[in-house]
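> Attaching a single structure in structure tokens format; questions to follow.
Numbering (full-length UniProt numbering), first residue to last: 1 to 572.
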């Protein structure tokens, strides 16, 4: 993967000023400056197209069909199937491919430098880019929009922080990726200086014919592997959004027992595949997709600079002089790229904006509905006094059995409890109001997993079950139920007087023998006529999302005969 934050002017100025003929400047247009094809399978397919004279007609047609359908994002569709095995296993399996890629391309670059233009590295001097802008003016600024893809890939390093530590990323970047890309770009530019007419497909033209097909195989495999950053970053962002309650709940599988950031989501995985195929079928031309990618990466870098500046000021308390130095340098440089890439919006650059608007609407609709629901629950929650009033009602019956009543409110009880008692006119003799709490740790120690307390009423307890991302929360074998009962016994023995201990312990045993039931609420909004058009639209959209997302409770394997869902309408 091209983890490079190299100024893309280098790629442009090498071609523009190291050749005597003025046509090398005029020949380059924003649509014709391409980065290394690490992320594009279409580039690999064009290798075969360039060699079409050596293929028969049928083989060439098959390759063209494959290339047309799969270019640019076929790598994501293929690689997504491997992600469920985890980053560690996938990296161990596919790292030799990227190792071969980062080793072979700079070797070809060195060969090209020696053969075509040994003094190519003098182009790193910044005075060439200054001359370029002085000579070309506004047109030179527009050309930057065509070179921005040369710096894409550096943002993938930040996505990998959840999968690898900082030291490994630094070592890989400084000692493999960076020198590999510099030598490859230099070799490609050295070739273009002597062959300016090949600028449209310069990367493949500069590969010697003797190693053409081995590079073709390596490039094909590398193009597929390179989609790991995109897929991993998507999983990480969606997972964090779900935890913050900004996105509908999806299944998140932790593929590592030690790294919390290594996650896999089957639903997101298939959505990515469908979107990749849809983008290819609708847009087809890799140039539009390349422009879209350049626009979004440039804007992300600019936003990151602004946010990091705020972090330096508010959290890190960095001296103002250093903050100003960082902000001015990076903000000015990235603003120039962003302003240039905006010229690509009509040519496919609008794609990320359209996708962002759709995602923003989904996230806002989900967050708005969750906030309205939380406000209702906090306003109508049942406290201890209200629960005591409900239980002393002479018409209320305490039926035999053990009930786990799930609630997501810690300071009080869910309003569904009052709805249930008023309509059923009963409550189990032993009722445990259970709250599940997810912690960002692999496993919770057994002694800290279950926390129980009495609510001051006979047979009524509160239980908080804490679990980590590597814990298996299952009720199929009654293991968790037995653990809760044991914790309740220990709590009763330590907190009750000797006269009540035997009675409460016997009640627990009798309730378990009578039967266990798990009650959970299922709520919806009642949108009345008094609601405004905004509430009607957003809450209706939230209900659609809520009815199609996963439950807030983890899949605990509760047996169907023991499962009860209590429905309730929240008035909007």
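Where is the CB? At the ideal position from N, CA and C, for every residue including glycine.
In whole angstroms, give me the CA-to-CA distance for residue 376 and residue 442.
Taking the first residue of the chain shown as position 1, residue 376 is located at position 376. Taking the first residue of the chain shown as position 1, residue 442 is located at position 442. Those two C-alpha atoms are separated by around 33 Å.
> Evaluate contact between the stretch 413 to 430 and the stretch 442 to 451, counting only Cβ atoms and requiring at least three cross-stretch pairs below 8 Å.
Judged by Cβ distances under 8 Å, the stretch 413 to 430 makes no contact with the stretch 442 to 451, as fewer than three pairs qualify.
> Mind pulling the alpha helix (DSSP H) runs of 4 or more residues that sit fully within the stretch 444 to 512?
Within the stretch 444 to 512, the complete alpha helix (DSSP H) runs of at least 4 residues are 446 to 449, 479 to 495.
> On a Cα-Cα basis, can you pick out the residue from 535, 130, 238, 426 that is closest to residue 393?
For this step, residue 393 is matched to residue 393 along the chain shown. The shortest Cα separation from residue 393 among 535, 130, 238, 426 belongs to 426.
> Here's a check: name, in chain order, each residue in its chain whose Cβ is nearer than 6 Å to the Cβ of residue 453, leaving out the five neighbours to either side.
If you number the chain shown from 1, residue 453 lands on position 453. Hits under 6 Å: 462.
> Would you mind working out which of 176, 265, 200, 209 sits nearest residue 550, comparing C-alpha positions?
Working through the chain shown from its first residue, we reach residue 550 at position 550. Here the closest residue by C-alpha is 265.
> Look at the alpha carbon of residue 629 and the alpha carbon of residue 228, and state the distance between them as a whole number of angstroms.
Absent from the structure is residue 629, since the part of the chain shown begins at 1 and ends at 572.
> Taking the CB atoms as reference points, tell me whether residue 541 and residue 365 lie closer together than 7 Å.
Stepping through the chain shown from its first residue, residue 541 is reached at position 541. Stepping through the chain shown from its first residue, residue 365 is reached at position 365. Yes, the Cβ-Cβ distance between residue 541 and residue 365 is below 7 Å.
> Tell me whether the beta-carbon of residue 298 lies closer than 7 Å to the beta-carbon of residue 362.
For the purposes of this step, residue 298 is taken as residue 298 along the chain shown, with counting starting at 1. For the purposes of this step, residue 362 is taken as residue 362 along the chain shown, with counting starting at 1. Their beta carbons are not under 7 Å apart, which means residue 298 does not touch residue 362 by this criterion.
> Starting from residue 436, follow its DSSP beta bridges and name the residues at the other end.
Sequence index remark: in the chain shown, residue 436 carries index 436 (1-based). Per DSSP, 465.
> What is the C-beta distance between residue 108 and residue 211, in whole angstroms, given that I count them as a contact (C-beta under 8 Å)?
Within the chain shown, residue 108 is the residue found at index 108, counting from 1. Within the chain shown, residue 211 is the residue found at index 211, counting from 1. Residue 108 to residue 211, Cβ: 7 Å. Contact.
> Let me know if residue 120 comes out buried or exposed under the rule of 16 or more other beta-carbons within 10 Å of its beta-carbon.
Start at 1 with the first residue of the chain shown, and residue 120 comes out as number 120. When all chains shown are included, residue 120 counts as buried.
> Please identify the residue among 439, 313, 382 whose C-alpha is closest to the C-alpha of residue 470.
The residue you call residue 470 lines up with position 470 of the chain shown. Considering only alpha carbons, the answer is 439.
> Would residue 558 and residue 518 be called neighbours here (beta carbons separated by less than 7 Å)?
Counting from 1 along the chain shown, the entry for residue 558 is found at position 558. Counting from 1 along the chain shown, the entry for residue 518 is found at position 518. Yes, the Cβ-Cβ distance between residue 558 and residue 518 is below 7 Å.
> Give a yes or no on whether the C-beta atoms belonging to residue 573 and residue 431 are separated by under 7 Å.
Only positions 1 to 572 of the chain appear in the structure, and residue 573 is not among them; the question remains open.
> Can you look up residue 185 in the DSSP assignment and give me helix, strand or coil?
Position 185 of the chain shown holds residue 185. If DSSP states are grouped into helix, strand and coil, residue 185 belongs with the helices.
> So what's residue 397 in DSSP terms, helix, strand or just coil?
For the purposes of this step, residue 397 is taken as residue 397 along the chain shown, with counting starting at 1. Here residue 397 sits in strand by DSSP.
> Please go through the same chain and pick out, in chain order, the residues whose beta-carbon is closer than 8 Å to the beta-carbon of residue 184, but skip the five residues on each side of it.
On the chain shown, residue 184 is found 184 positions in, with the first residue counted as 1. Around residue 184: 36, 105, 106, 108, 109.
> Please state the DSSP three-state secondary structure of residue 254.
As a working mapping, residue 254 is identified with position 254 in the chain shown. Correct three-state label for residue 254: strand.
> On the three-state DSSP scale, how would you describe residue 117?
Position 117 of the chain shown holds residue 117. Residue state, collapsed to three classes: coil.
> Output needed for residue 348: all residues of its chain with C-beta closer than 6 Å, excluding positions within five of it in sequence on either side, in chain order.
Here residue 348 refers to the residue found at position 348 of the chain shown. Cβ within range, chain order: 288, 291, 292.
> The beta strand (DSSP E) spanning residue 526 covers which residue range?
Reading the chain shown from its first residue, position 526 is the one you call residue 526. Where residue 526 is concerned, the enclosing beta strand (DSSP E) stretches over 516 to 526.
> In or out: residue 235 buried (at least 16 other Cβ within 10 Å) or exposed?
For the purposes of this step, residue 235 is taken as the residue at position 235 of the chain shown. Its Cβ being crowded by 16 or more others within 10 Å, residue 235 is buried.
> Leaving out five residues before and five after residue 436 in sequence, what residues of the same chain have Cβ atoms less than 6 Å from its Cβ?
Taking the chain shown and counting its residues from 1, one reaches residue 436 at position 436. These residues qualify, in order along the chain: 465.
> Assign residue 224 to one of two classes, buried (16 or more other C-beta atoms within 10 Å of its C-beta) or exposed (fewer than that).
On the chain shown, position 224 is the one that residue 224 refers to. It counts as buried.
> Do you know offhand how far residue 395's Cα is from residue 514's?
As a first step, residue 395 is located in the chain shown; it is residue number 395 there, counting from the start. As a first step, residue 514 is located in the chain shown; it is residue number 514 there, counting from the start. Roughly 22 Å between the two C-alpha positions.
> Using 8 Å for Cβ pairs, my map puts residue 250 next to residue 267. What's the rounded Cβ distance?
The sequence position of residue 250 within the chain shown is 250, counting from 1. The sequence position of residue 267 within the chain shown is 267, counting from 1. Indeed, because the Cβ distance is near 5 Å, the residues count as touching under 8 Å.
> Any idea what DSSP makes of residue 406, helix, strand or coil?
Counting from one through the chain shown, the residue named residue 406 turns up at place 406. Looking at residue 406 - three-state DSSP - the assignment turns out to be strand.
> Using the Cα positions of residue 240 and residue 522, report the straight-line distance between them to the nearest angstrom.
The sequence position of residue 240 within the chain shown is 240, counting from 1. The sequence position of residue 522 within the chain shown is 522, counting from 1. Residue 240 and residue 522: Cα-Cα distance of roughly 24 Å.
> On the premise that residue 233 lies in contact with residue 400, defined as a C-beta separation below 8 Å, what is that separation, rounded to the nearest angstrom?
Reading the chain shown from its first residue, position 400 is the one you call residue 400. Reading the chain shown from its first residue, position 233 is the one you call residue 233. At roughly 53 Å, the Cβ-Cβ gap does not stay under 8 Å, so residue 400 and residue 233 are not in contact.
> Residue 430 bridges to which residues according to DSSP?
Looking up residue 430 in the chain shown gives position 430. Residue 430 pairs with 402.
> Going straight from the alpha carbon of residue 132 to that of residue 101, what length do you get?
Within the chain shown, residue 132 is the residue found at index 132, counting from 1. Within the chain shown, residue 101 is the residue found at index 101, counting from 1. Their Cα atoms are separated by approximately 32 Å.
> What do you get for residue 130, buried or exposed, if any count of 16 or more other CB atoms within 10 angstroms of its CB means buried?
Looking up residue 130 in the chain shown gives position 130. Exposed, by the Cβ-count rule.
> Cα separation between residue 560 and residue 516?
Position 560 of the chain shown holds residue 560. Position 516 of the chain shown holds residue 516. Roughly 12 Å separates the two Cα atoms.
> Which value, in whole angstroms, describes the spacing of the CA atoms of residue 413 and residue 391?
Against the chain shown, residue 413 aligns to sequence position 413. Against the chain shown, residue 391 aligns to sequence position 391. Straight-line Cα distance between these residues: approximately 14 Å.
> Can you give me the Cβ contacts of residue 205 inside the same chain, cut-off strictly under 6 Å, excluding the 5 residues immediately before and after it?
Locating residue 205 in the chain shown gives position 205, where the first residue counts as 1. Around residue 205: 198.
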